[in-house]
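The structure appears below as C-alpha coordinates.
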Amino acid sequence: MMSPFSPHSLLIFSILIFSPSSYVSFDLDFSPSLTYSQDYGKIIEESPVSVLRPTSPTDISLLLKSISTDPAQNNVTVAARGAAHSTYGQAQAPGGIVIDMTSLPNFIKVENGYVDAGGGALWVDVLKETLSYGLTPRTWTDYLYLTVGGTLSNAGVSGQAYRYGPQISNVLELDVVTGKGEQVTCSELVNSDLFYGVLGGLGQFGIITRARIILQHAPEMVKRVEIIYGDFDQFIKDQEFLISKGKVDYLEGFVNLQASTSTTTTELPNPYYTIELALYYNDTNLVQNTLDQLVLQLGSVRLSTTEFDVSFFEFLNRVKATVDELTQRGLWDIPHPWFNLFVPKAQIVRFKDLVIQSISSTYIGGPIIIYPILRHKWNLNMSVMLPEVYPKEDIVYIVSVLQWTTCERGSQCLETLLSQNKKVISIATSEPNTRPISINNPTRSDLSNDGGGMGAKQYLPYWTSEEEWGAHFGGKWDRFKDLKSRFDPLNVLAPGQRIFKRKPIAT
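Quick note, the sequence shown lines up with residues -25 to -1, 1 to 482 if you use mature numbering (1 follows the signal peptide of the UniProt record, and there is no 0).
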(Lines of atoms letter the chains of each structure in order from A and count residues from 1; the text may use other names and numbers.)
(Lines give C-alpha, C1' and ligand atoms only; values in the text may rest on other atoms or scores of the structure.)
Protein backbone atom coordinates (compact mmCIF):
# COMPACT_ATOMS: atom_id res chain seq x y z
CA MET A 1 0.00 0.00 0.00
CA MET A 2 1.29 3.48 -0.86
CA SER A 3 2.22 5.61 2.15
CA PRO A 4 -0.12 8.59 2.79
CA PHE A 5 2.87 10.64 3.97
CA SER A 6 5.26 12.69 1.85
CA PRO A 7 8.99 11.81 2.04
CA HIS A 8 9.56 14.98 4.08
CA SER A 9 6.85 14.11 6.61
CA LEU A 10 8.19 10.55 6.92
CA LEU A 11 11.65 11.98 7.61
CA ILE A 12 10.35 14.23 10.38
CA PHE A 13 8.24 11.37 11.75
CA SER A 14 11.25 9.05 11.98
CA ILE A 15 13.40 11.79 13.51
CA LEU A 16 10.89 12.51 16.25
CA ILE A 17 10.20 8.86 17.00
CA PHE A 18 13.88 8.03 17.43
CA SER A 19 15.06 11.30 18.95
CA PRO A 20 16.58 11.13 22.44
CA SER A 21 13.82 13.45 23.69
CA SER A 22 11.18 10.73 23.11
CA TYR A 23 8.18 12.20 21.32
CA VAL A 24 6.09 9.06 21.26
CA SER A 25 3.92 10.37 24.12
CA PHE A 26 3.07 13.54 22.21
CA ASP A 27 -0.18 14.17 20.38
CA LEU A 28 1.59 14.75 17.06
CA ASP A 29 -0.66 14.72 14.00
CA PHE A 30 1.08 13.92 10.71
CA SER A 31 -2.01 14.41 8.57
CA PRO A 32 -3.20 17.82 9.79
CA SER A 33 -6.45 19.26 8.56
CA LEU A 34 -6.72 22.23 6.22
CA THR A 35 -7.39 24.36 9.29
CA TYR A 36 -3.67 24.50 10.11
CA SER A 37 -2.82 25.63 6.57
CA GLN A 38 -4.96 28.75 6.84
CA ASP A 39 -5.55 31.69 9.10
CA TYR A 40 -8.29 34.26 9.49
CA GLY A 41 -7.00 36.25 6.52
CA LYS A 42 -7.75 33.42 4.05
CA ILE A 43 -5.11 34.93 1.74
CA ILE A 44 -2.06 32.71 2.23
CA GLU A 45 -2.35 28.93 2.50
CA GLU A 46 0.75 26.90 3.43
CA SER A 47 0.63 23.45 4.96
CA PRO A 48 2.68 22.12 7.88
CA VAL A 49 3.91 18.56 7.90
CA SER A 50 2.61 17.98 11.40
CA VAL A 51 0.78 19.56 14.33
CA LEU A 52 1.84 19.25 17.96
CA ARG A 53 -0.92 19.43 20.56
CA PRO A 54 1.04 19.97 23.77
CA THR A 55 -0.26 19.03 27.19
CA SER A 56 2.30 21.22 28.97
CA PRO A 57 5.08 23.74 28.19
CA THR A 58 7.54 20.88 28.68
CA ASP A 59 6.21 19.25 25.50
CA ILE A 60 7.08 22.43 23.60
CA SER A 61 10.49 22.59 25.26
CA LEU A 62 11.38 19.01 24.34
CA LEU A 63 10.35 19.54 20.73
CA LEU A 64 12.46 22.67 20.33
CA LYS A 65 15.45 21.16 22.15
CA SER A 66 15.42 18.20 19.77
CA ILE A 67 15.21 20.42 16.69
CA SER A 68 17.98 22.73 17.89
CA THR A 69 20.44 19.90 18.60
CA ASP A 70 19.77 17.37 15.82
CA PRO A 71 21.45 18.05 12.43
CA ALA A 72 18.90 15.73 10.81
CA GLN A 73 16.24 18.37 11.54
CA ASN A 74 18.06 21.26 9.84
CA ASN A 75 15.05 22.25 7.74
CA VAL A 76 12.39 22.00 10.44
CA THR A 77 10.64 25.19 11.55
CA VAL A 78 8.00 25.69 14.23
CA ALA A 79 5.10 28.12 14.54
CA ALA A 80 2.93 28.68 17.61
CA ARG A 81 -0.73 28.93 16.61
CA GLY A 82 -3.33 30.35 18.97
CA ALA A 83 -6.63 31.57 17.56
CA ALA A 84 -4.96 32.07 14.14
CA HIS A 85 -6.43 35.55 13.80
CA SER A 86 -3.44 36.64 11.71
CA THR A 87 -4.18 37.66 8.14
CA TYR A 88 -1.02 36.93 6.13
CA GLY A 89 0.15 33.50 7.27
CA GLN A 90 2.11 34.68 10.30
CA ALA A 91 1.11 31.61 12.36
CA GLN A 92 1.92 29.09 9.62
CA ALA A 93 4.93 26.78 9.31
CA PRO A 94 5.29 25.73 5.66
CA GLY A 95 6.59 22.15 5.66
CA GLY A 96 7.27 22.40 9.40
CA ILE A 97 5.46 21.89 12.69
CA VAL A 98 2.56 23.97 14.01
CA ILE A 99 2.04 24.00 17.78
CA ASP A 100 -1.64 24.26 18.66
CA MET A 101 -1.43 26.47 21.76
CA THR A 102 -5.11 25.99 22.55
CA SER A 103 -4.31 22.37 23.45
CA LEU A 104 -2.49 23.52 26.58
CA PRO A 105 -4.51 23.37 29.81
CA ASN A 106 -6.74 26.45 30.14
CA PHE A 107 -4.73 27.83 33.05
CA ILE A 108 -6.14 31.03 34.61
CA LYS A 109 -5.37 31.84 38.26
CA VAL A 110 -6.42 35.09 39.94
CA GLU A 111 -4.22 36.47 42.72
CA ASN A 112 -4.08 39.77 44.61
CA GLY A 113 -3.66 42.42 41.92
CA TYR A 114 -2.84 40.15 39.00
CA VAL A 115 -3.90 37.10 37.03
CA ASP A 116 -1.66 34.33 35.72
CA ALA A 117 -2.96 33.09 32.36
CA GLY A 118 -1.66 30.40 30.05
CA GLY A 119 -0.39 31.42 26.63
CA GLY A 120 -3.17 29.46 24.94
CA ALA A 121 -5.99 30.88 27.08
CA LEU A 122 -8.58 33.07 25.37
CA TRP A 123 -8.99 36.60 26.64
CA VAL A 124 -12.74 36.08 26.96
CA ASP A 125 -12.05 33.28 29.45
CA VAL A 126 -9.61 35.51 31.33
CA LEU A 127 -12.37 38.11 31.55
CA LYS A 128 -14.96 35.65 32.83
CA GLU A 129 -12.62 34.28 35.49
CA THR A 130 -11.40 37.66 36.75
CA LEU A 131 -14.94 39.06 36.85
CA SER A 132 -15.90 36.26 39.23
CA TYR A 133 -13.52 37.99 41.68
CA GLY A 134 -14.78 41.47 40.85
CA LEU A 135 -11.56 42.23 38.95
CA THR A 136 -10.50 42.83 35.35
CA PRO A 137 -7.40 43.50 33.26
CA ARG A 138 -7.05 47.20 32.47
CA THR A 139 -6.69 47.09 28.70
CA TRP A 140 -8.07 44.86 25.97
CA THR A 141 -8.40 44.04 22.31
CA ASP A 142 -11.71 44.75 20.58
CA TYR A 143 -12.23 41.03 19.88
CA LEU A 144 -11.83 38.77 22.91
CA TYR A 145 -11.60 35.37 21.22
CA LEU A 146 -7.83 35.65 20.82
CA THR A 147 -5.11 33.96 22.87
CA VAL A 148 -3.06 35.66 25.56
CA GLY A 149 0.22 34.63 23.94
CA GLY A 150 -0.93 35.74 20.51
CA THR A 151 -1.85 39.31 21.38
CA LEU A 152 1.18 39.79 23.65
CA SER A 153 3.45 38.73 20.79
CA ASN A 154 2.11 41.75 18.89
CA ALA A 155 0.86 44.45 21.31
CA GLY A 156 -2.86 44.17 21.98
CA VAL A 157 -4.69 47.45 21.50
CA SER A 158 -8.18 48.82 21.95
CA GLY A 159 -9.84 52.00 23.13
CA GLN A 160 -8.35 51.69 26.63
CA ALA A 161 -4.81 52.00 25.23
CA TYR A 162 -4.64 55.80 25.43
CA ARG A 163 -5.08 55.48 29.20
CA TYR A 164 -3.29 52.27 30.16
CA GLY A 165 -1.18 51.53 27.13
CA PRO A 166 -1.40 48.30 25.11
CA GLN A 167 -1.70 44.88 26.70
CA ILE A 168 2.08 44.44 26.55
CA SER A 169 2.47 47.44 28.88
CA ASN A 170 0.35 45.67 31.49
CA VAL A 171 2.39 42.50 31.92
CA LEU A 172 4.40 41.83 35.07
CA GLU A 173 6.01 38.50 34.22
CA LEU A 174 6.22 35.84 31.51
CA ASP A 175 7.11 32.19 31.14
CA VAL A 176 8.71 31.65 27.75
CA VAL A 177 10.06 28.65 25.85
CA THR A 178 12.90 29.97 23.71
CA GLY A 179 13.83 28.73 20.25
CA LYS A 180 16.50 26.57 21.90
CA GLY A 181 13.88 24.91 24.09
CA GLU A 182 14.87 26.64 27.32
CA GLN A 183 12.03 27.38 29.75
CA VAL A 184 12.66 30.87 31.13
CA THR A 185 10.76 33.09 33.55
CA CYS A 186 11.33 36.76 32.78
CA SER A 187 10.23 40.21 33.90
CA GLU A 188 11.49 43.79 33.94
CA LEU A 189 13.95 42.77 36.67
CA VAL A 190 14.83 39.18 35.73
CA ASN A 191 15.96 38.23 32.21
CA SER A 192 14.67 41.62 31.12
CA ASP A 193 16.19 41.43 27.64
CA LEU A 194 14.02 38.40 26.82
CA PHE A 195 10.99 39.98 28.53
CA TYR A 196 11.20 43.17 26.49
CA GLY A 197 12.07 41.28 23.31
CA VAL A 198 9.19 38.80 23.46
CA LEU A 199 6.53 41.45 24.15
CA GLY A 200 5.66 42.66 20.68
CA GLY A 201 8.42 40.42 19.27
CA LEU A 202 6.25 38.59 16.70
CA GLY A 203 7.10 35.19 18.17
CA GLN A 204 10.74 35.43 17.09
CA PHE A 205 12.52 34.75 20.38
CA GLY A 206 10.22 32.44 22.26
CA ILE A 207 6.73 31.08 22.81
CA ILE A 208 4.75 32.63 25.66
CA THR A 209 3.29 29.90 27.89
CA ARG A 210 2.23 32.08 30.85
CA ALA A 211 1.65 35.79 31.41
CA ARG A 212 1.11 37.66 34.67
CA ILE A 213 -1.28 40.53 33.93
CA ILE A 214 -2.19 43.57 36.05
CA LEU A 215 -5.77 43.70 37.37
CA GLN A 216 -8.01 46.45 38.68
CA HIS A 217 -11.50 46.52 40.20
CA ALA A 218 -14.21 45.84 37.62
CA PRO A 219 -17.15 48.22 37.21
CA GLU A 220 -20.71 46.96 37.07
CA MET A 221 -21.91 49.02 34.12
CA VAL A 222 -20.71 50.99 31.10
CA LYS A 223 -22.23 54.09 29.52
CA ARG A 224 -21.50 53.74 25.81
CA VAL A 225 -21.73 56.88 23.68
CA GLU A 226 -21.62 57.40 19.91
CA ILE A 227 -21.06 60.90 18.50
CA ILE A 228 -21.40 61.42 14.73
CA TYR A 229 -19.54 64.07 12.75
CA GLY A 230 -19.52 65.26 9.18
CA ASP A 231 -16.22 67.11 9.58
CA PHE A 232 -12.99 65.12 9.93
CA ASP A 233 -11.00 67.92 11.54
CA GLN A 234 -13.55 68.32 14.33
CA PHE A 235 -13.73 64.55 14.74
CA ILE A 236 -9.95 64.45 15.28
CA LYS A 237 -9.90 67.55 17.48
CA ASP A 238 -12.57 66.15 19.79
CA GLN A 239 -10.81 62.80 20.12
CA GLU A 240 -7.61 64.56 21.13
CA PHE A 241 -9.52 66.73 23.61
CA LEU A 242 -11.14 63.69 25.21
CA ILE A 243 -7.88 61.83 25.76
CA SER A 244 -6.27 65.01 27.14
CA LYS A 245 -8.92 65.08 29.87
CA GLY A 246 -8.37 61.41 30.72
CA LYS A 247 -11.91 60.89 31.99
CA VAL A 248 -13.23 58.39 29.45
CA ASP A 249 -12.30 54.75 29.99
CA TYR A 250 -12.36 53.84 26.31
CA LEU A 251 -12.21 55.84 23.09
CA GLU A 252 -12.14 54.81 19.45
CA GLY A 253 -13.06 56.54 16.20
CA PHE A 254 -14.54 55.19 12.97
CA VAL A 255 -14.60 56.34 9.37
CA ASN A 256 -17.96 55.31 7.92
CA LEU A 257 -17.63 54.87 4.18
CA GLN A 258 -20.57 53.90 2.00
CA ALA A 259 -20.00 50.67 0.08
CA SER A 260 -19.28 51.14 -3.62
CA THR A 261 -22.10 48.70 -4.42
CA SER A 262 -24.65 50.34 -2.11
CA THR A 263 -27.93 51.64 -3.55
CA THR A 264 -29.17 52.88 -0.18
CA THR A 265 -29.66 56.61 0.21
CA THR A 266 -28.85 58.33 3.49
CA GLU A 267 -28.93 61.84 4.85
CA LEU A 268 -25.46 61.39 6.32
CA PRO A 269 -22.41 62.56 4.36
CA ASN A 270 -20.11 60.01 2.73
CA PRO A 271 -17.92 59.46 4.57
CA TYR A 272 -19.03 60.44 8.05
CA TYR A 273 -17.17 59.88 11.29
CA THR A 274 -18.08 58.40 14.66
CA ILE A 275 -16.44 58.76 18.06
CA GLU A 276 -17.27 55.83 20.31
CA LEU A 277 -16.47 56.41 23.97
CA ALA A 278 -17.26 54.60 27.18
CA LEU A 279 -17.44 55.55 30.83
CA TYR A 280 -17.34 52.77 33.42
CA TYR A 281 -19.53 53.26 36.46
CA ASN A 282 -21.34 51.98 39.52
CA ASP A 283 -23.14 55.28 40.25
CA THR A 284 -25.62 56.37 37.53
CA ASN A 285 -25.88 60.01 38.59
CA LEU A 286 -22.14 60.53 38.83
CA VAL A 287 -21.37 59.10 35.39
CA GLN A 288 -24.14 61.10 33.72
CA ASN A 289 -22.78 64.33 35.19
CA THR A 290 -19.27 63.48 33.96
CA LEU A 291 -20.56 62.75 30.47
CA ASP A 292 -22.65 65.91 30.30
CA GLN A 293 -19.68 68.06 31.29
CA LEU A 294 -17.46 66.45 28.63
CA VAL A 295 -20.00 66.78 25.82
CA LEU A 296 -20.49 70.48 26.59
CA GLN A 297 -16.81 71.05 25.83
CA LEU A 298 -16.83 69.29 22.44
CA GLY A 299 -17.14 71.04 19.08
CA SER A 300 -20.56 72.31 18.07
CA VAL A 301 -20.63 70.70 14.59
CA ARG A 302 -21.69 67.27 15.81
CA LEU A 303 -24.49 65.65 13.81
CA SER A 304 -25.90 63.47 16.59
CA THR A 305 -25.14 61.91 19.97
CA THR A 306 -26.50 58.57 21.17
CA GLU A 307 -25.93 56.96 24.55
CA PHE A 308 -26.95 53.66 26.10
CA ASP A 309 -26.04 51.56 29.13
CA VAL A 310 -24.76 47.99 29.08
CA SER A 311 -23.06 45.62 31.50
CA PHE A 312 -19.26 45.64 31.64
CA PHE A 313 -19.04 42.14 30.15
CA GLU A 314 -21.48 42.99 27.39
CA PHE A 315 -19.43 46.05 26.46
CA LEU A 316 -16.09 44.24 26.30
CA ASN A 317 -17.69 41.36 24.36
CA ARG A 318 -19.51 43.74 21.97
CA VAL A 319 -17.77 42.50 18.81
CA LYS A 320 -19.11 38.96 19.31
CA ALA A 321 -22.59 40.02 18.12
CA THR A 322 -21.08 41.49 14.95
CA VAL A 323 -19.09 38.31 14.34
CA ASP A 324 -22.23 36.19 14.74
CA GLU A 325 -24.07 38.39 12.24
CA LEU A 326 -21.23 38.27 9.71
CA THR A 327 -21.02 34.50 10.10
CA GLN A 328 -24.72 34.16 9.31
CA ARG A 329 -24.27 36.37 6.24
CA GLY A 330 -21.27 34.34 5.04
CA LEU A 331 -18.91 37.29 5.53
CA TRP A 332 -16.68 35.91 8.27
CA ASP A 333 -14.94 32.90 6.75
CA ILE A 334 -13.73 34.82 3.67
CA PRO A 335 -10.55 36.69 2.68
CA HIS A 336 -9.71 39.69 4.85
CA PRO A 337 -7.22 42.02 3.13
CA TRP A 338 -6.60 44.03 6.29
CA PHE A 339 -3.86 46.42 7.23
CA ASN A 340 -3.01 48.35 10.40
CA LEU A 341 -0.71 51.32 10.83
CA PHE A 342 0.59 53.68 13.48
CA VAL A 343 0.41 57.10 11.82
CA PRO A 344 2.06 60.31 13.10
CA LYS A 345 -0.44 62.91 14.28
CA ALA A 346 0.80 65.46 11.75
CA GLN A 347 0.04 63.08 8.87
CA ILE A 348 -3.39 61.83 9.88
CA VAL A 349 -5.46 64.10 7.59
CA ARG A 350 -3.29 63.26 4.62
CA PHE A 351 -3.42 59.55 5.46
CA LYS A 352 -7.22 59.56 5.74
CA ASP A 353 -7.46 61.19 2.31
CA LEU A 354 -5.08 58.59 0.85
CA VAL A 355 -7.12 55.68 2.24
CA ILE A 356 -10.47 57.04 1.05
CA GLN A 357 -9.10 57.79 -2.40
CA SER A 358 -7.48 54.34 -2.68
CA ILE A 359 -10.31 52.06 -1.55
CA SER A 360 -13.59 53.91 -2.18
CA SER A 361 -14.16 52.37 -5.64
CA THR A 362 -13.79 48.76 -4.38
CA TYR A 363 -14.91 49.01 -0.75
CA ILE A 364 -17.91 46.82 0.13
CA GLY A 365 -17.74 46.84 3.92
CA GLY A 366 -15.75 46.42 7.10
CA PRO A 367 -14.71 48.87 9.80
CA ILE A 368 -12.15 51.62 9.29
CA ILE A 369 -10.90 52.47 12.76
CA ILE A 370 -8.91 55.57 13.67
CA TYR A 371 -8.10 56.83 17.14
CA PRO A 372 -5.24 58.44 19.11
CA ILE A 373 -2.88 56.74 21.53
CA LEU A 374 -0.10 58.23 23.66
CA ARG A 375 3.54 57.27 23.14
CA HIS A 376 4.44 57.64 26.81
CA LYS A 377 2.05 54.80 27.68
CA TRP A 378 4.19 52.40 25.62
CA ASN A 379 7.45 50.92 26.88
CA LEU A 380 9.75 51.54 23.95
CA ASN A 381 12.21 48.91 25.23
CA MET A 382 9.76 46.37 23.83
CA SER A 383 9.99 45.17 20.24
CA VAL A 384 6.88 46.85 18.85
CA MET A 385 7.60 49.88 16.65
CA LEU A 386 5.97 53.30 16.86
CA PRO A 387 6.76 56.10 14.38
CA GLU A 388 9.64 58.45 15.03
CA VAL A 389 8.24 61.94 14.65
CA TYR A 390 9.79 65.40 14.40
CA PRO A 391 9.20 67.48 16.36
CA LYS A 392 8.57 65.07 19.20
CA GLU A 393 4.84 64.45 19.58
CA ASP A 394 3.13 62.26 22.18
CA ILE A 395 0.02 61.54 20.11
CA VAL A 396 0.13 58.78 17.49
CA TYR A 397 -2.90 57.46 15.63
CA ILE A 398 -3.66 53.81 15.14
CA VAL A 399 -5.56 53.16 11.91
CA SER A 400 -7.05 49.78 11.04
CA VAL A 401 -8.58 49.26 7.60
CA LEU A 402 -10.49 46.03 8.20
CA GLN A 403 -12.41 45.63 4.98
CA TRP A 404 -13.86 42.33 3.84
CA THR A 405 -14.33 41.06 0.32
CA THR A 406 -16.22 38.39 -1.58
CA CYS A 407 -13.17 37.83 -3.81
CA GLU A 408 -11.78 34.32 -3.63
CA ARG A 409 -8.24 33.52 -2.54
CA GLY A 410 -5.86 33.70 -5.50
CA SER A 411 -8.30 35.64 -7.69
CA GLN A 412 -7.39 38.73 -9.69
CA CYS A 413 -10.09 40.53 -7.77
CA LEU A 414 -8.28 39.89 -4.47
CA GLU A 415 -4.91 40.75 -5.98
CA THR A 416 -6.31 44.15 -6.95
CA LEU A 417 -7.28 44.84 -3.35
CA LEU A 418 -3.90 43.67 -2.06
CA SER A 419 -2.15 45.93 -4.56
CA GLN A 420 -4.21 48.86 -3.31
CA ASN A 421 -3.15 48.07 0.23
CA LYS A 422 0.52 47.79 -0.73
CA LYS A 423 0.40 51.20 -2.37
CA VAL A 424 -1.11 52.80 0.73
CA ILE A 425 1.36 51.04 3.03
CA SER A 426 4.33 51.98 0.84
CA ILE A 427 3.43 55.68 0.81
CA ALA A 428 2.56 55.73 4.51
CA THR A 429 5.69 53.94 5.75
CA SER A 430 8.17 55.80 3.54
CA GLU A 431 10.07 58.63 5.16
CA PRO A 432 8.83 62.21 4.69
CA ASN A 433 10.91 64.56 2.59
CA THR A 434 10.88 67.08 5.44
CA ARG A 435 13.64 66.26 7.88
CA PRO A 436 15.04 68.16 10.86
CA ILE A 437 18.24 68.85 8.93
CA SER A 438 16.35 71.05 6.46
CA ILE A 439 13.73 72.50 8.82
CA ASN A 440 14.79 72.88 12.43
CA ASN A 441 11.24 73.03 13.78
CA PRO A 442 8.82 71.73 11.12
CA THR A 443 5.19 72.59 11.79
CA ARG A 444 2.16 70.33 11.35
CA SER A 445 1.51 72.13 8.06
CA ASP A 446 5.08 71.47 6.88
CA LEU A 447 4.68 67.76 7.53
CA SER A 448 1.13 67.29 6.25
CA ASN A 449 2.01 69.04 2.99
CA ASP A 450 5.18 66.98 2.56
CA GLY A 451 5.21 65.25 -0.83
CA GLY A 452 7.11 62.23 0.44
CA GLY A 453 6.06 59.46 2.79
CA MET A 454 4.45 59.76 6.18
CA GLY A 455 6.86 57.93 8.47
CA ALA A 456 4.17 55.49 9.65
CA LYS A 457 4.87 52.01 11.03
CA GLN A 458 2.89 48.87 10.39
CA TYR A 459 1.11 47.30 13.34
CA LEU A 460 0.83 43.50 12.90
CA PRO A 461 3.47 44.05 10.21
CA TYR A 462 3.76 42.04 7.03
CA TRP A 463 7.01 42.40 5.12
CA THR A 464 8.75 39.78 3.00
CA SER A 465 12.43 40.76 2.82
CA GLU A 466 15.18 41.38 5.36
CA GLU A 467 15.69 44.85 3.89
CA GLU A 468 12.04 45.74 4.53
CA TRP A 469 12.19 44.36 8.06
CA GLY A 470 15.37 46.32 8.73
CA ALA A 471 13.63 49.51 7.63
CA HIS A 472 10.62 48.65 9.78
CA PHE A 473 12.66 48.14 12.96
CA GLY A 474 15.02 51.02 12.25
CA GLY A 475 17.18 51.71 15.29
CA LYS A 476 15.95 48.51 16.98
CA TRP A 477 17.02 46.23 14.13
CA ASP A 478 20.51 45.43 15.45
CA ARG A 479 19.11 44.59 18.88
CA PHE A 480 16.35 42.50 17.28
CA LYS A 481 18.94 40.46 15.34
CA ASP A 482 21.07 40.07 18.45
CA LEU A 483 18.13 38.73 20.46
CA LYS A 484 17.35 36.31 17.64
CA SER A 485 20.92 35.01 17.62
CA ARG A 486 20.82 34.45 21.38
CA PHE A 487 17.38 32.92 21.89
CA ASP A 488 16.65 31.30 18.51
CA PRO A 489 20.04 31.05 16.79
CA LEU A 490 18.85 28.57 14.14
CA ASN A 491 15.80 30.67 13.22
CA VAL A 492 13.40 27.84 14.04
CA LEU A 493 10.52 29.95 15.34
CA ALA A 494 7.73 31.82 13.53
CA PRO A 495 8.76 31.28 9.89
CA GLY A 496 5.42 32.73 8.74
CA GLN A 497 6.62 36.20 9.73
CA ARG A 498 9.19 35.94 6.90
CA ILE A 499 11.90 37.76 8.81
CA PHE A 500 14.74 35.23 9.04
CA LYS A 501 15.66 32.15 7.02
CA ARG A 502 16.27 28.83 8.76
CA LYS A 503 19.93 28.14 9.58
CA PRO A 504 21.53 24.68 9.73
CA ILE A 505 23.40 23.42 12.78
CA ALA A 506 27.08 24.25 12.40
CA THR A 507 29.23 21.15 11.92
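Yeah, the Cβ is synthetic: ideal placement off N, Cα and C, and Gly gets one too.
State the DSSP-derived secondary structure class of residue i, mapped to helix, strand or coil.
| i | result |
| --- | --- |
| V85 | strand |
| H192 | strand |
| N231 | strand |
| Q13 | coil |
| C382 | coil |
| K198 | strand |
| N166 | coil |
| G181 | strand |
| A21 | Here residue 21 is Glu; the residue named in the question, Ala, does not match the sequence. Here E21 sits in coil by DSSP. |
| L355 | coil |
| L389 | helix |
| A186 | strand |
| R473 | coil |
| A431 | coil |
| N416 | The predicted model places N416 with a pLDDT of 42, which falls under 50 and marks its position as unreliable; any figure quoted below should be read in that light. Coil. |
| S31 | coil |
| T482 | coil |
| E441 | helix |
| A446 | helix |
| P464 | coil |
| Y338 | coil |
| D206 | coil |
| A136 | helix |
| A253 | strand |
| T364 | With the sequence shown as reference, residue 364 is identified as Val, and Thr is not the correct amino acid for it. Three-state DSSP puts V364 in coil, outside helix and strand. |
| D150 | strand |
| T236 | coil |
| D4 | strand |
| S(-4) | Bear in mind that a pLDDT of 42 at S(-4), under 50, signals an unreliable position, so the number given afterwards is only what the model happens to contain. Here S(-4) sits in coil by DSSP. |
| S128 | coil |
| V223 | coil |
| S401 | helix |
| L422 | Confidence at L422 is low in this model, with a pLDDT of 45, below 50, so its placement is unreliable and no value can be given for it. |
| L458 | helix |
| L217 | helix |
| N396 | helix |
Nearest CA to the CA of residue i: which residue from the options?
| i | options | result |
| --- | --- | --- |
| S12 | T62, L435, N396, L232 | T62 |
| Y437 | T10, P7, I35, G64 | G64 |
| F448 | G430, D299, R461 | G430 |
| L291 | L38, R113, Y248, I18 | R113 |
| E368 | S358, C382, L349 | L349 |
| I143 | G57, V151, V359 | V359 |
| Q191 | Q179, E86, L329 | E86 |
| S335 | K17, T236, L38 | T236 |
| Y137 | L169, E215, N396 | E215 |
| I250 | L174, F170, Q395, D208 | D208 |
| G125 | I19, K397, I74 | I74 |
| N257 | V197, P366, I211, T482 | V197 |
| L97 | F170, T77, G178 | T77 |
| V330 | G88, S386, I400 | I400 |
If contacts are defined as beta-carbon pairs under 8 Å, then residue i and residue j qualify, I think. What distance do you get, rounded to the angstrom?
| i | j | result |
| --- | --- | --- |
| A193 | F287 | 6 Å |
| V223 | L254 | 6 Å |
| I344 | V374 | 7 Å |
| G93 | L110 | Not confirmed; about 18 Å, so no contact. |
| V285 | R199 | 6 Å |
| D463 | G154 | 3 Å |
| I202 | T297 | Actually they are not in contact, since the Cβ atoms of I202 and T297 sit about 20 Å apart, beyond 8 Å. |
| residue 484 | G156 | Nothing can be reported for residue 484, as the shown portion of the chain is limited to -25 through 482. |
| residue 487 | V53 | It is not possible to answer for residue 487, since the shown part of the chain is limited to -25 through 482. |
| F180 | P342 | No, F180 and P342 are not in contact; Cβ-Cβ is about 32 Å, not under 8 Å. |
| R473 | T439 | 5 Å |
| K212 | G274 | 6 Å |
Please state if the CB of residue j and the CB of residue i are separated by a distance shorter than 9 Å.
| i | j | result |
| --- | --- | --- |
| F326 | K432 | no |
| P246 | Q322 | no |
| G340 | A66 | no |
| L465 | K478 | yes |
| G134 | D117 | yes |
| V371 | P362 | yes |
| G427 | T404 | no |
| P29 | L38 | yes |
| Q158 | T44 | no |
| I378 | Y346 | First, the amino acid is wrong: residue 378 is Gln here, not Ile. Going by C-beta atoms, Q378 is not nearer than 9 Å to Y346. |
| G57 | G95 | yes |
| I480 | N145 | no |
| E242 | R185 | no |
| residue 488 | N354 | Residue numbering for the chain in the displayed model covers -25 to 482; residue 488 lies beyond these limits and cannot be assessed. |
(message) Ignoring anything shorter than 3 residues, give me the beta strand (DSSP E) runs that lie fully in the segment 34 to 120, in order along the chain.
(response) 53 to 56, 72 to 75, 83 to 86, 89 to 93, 110 to 112
(message) Runs of 4 residues minimum, wholly inside the segment 260 to 335: which ones carry the alpha helix (DSSP H) assignment?
(response) 287 to 291, 294 to 303, 323 to 334
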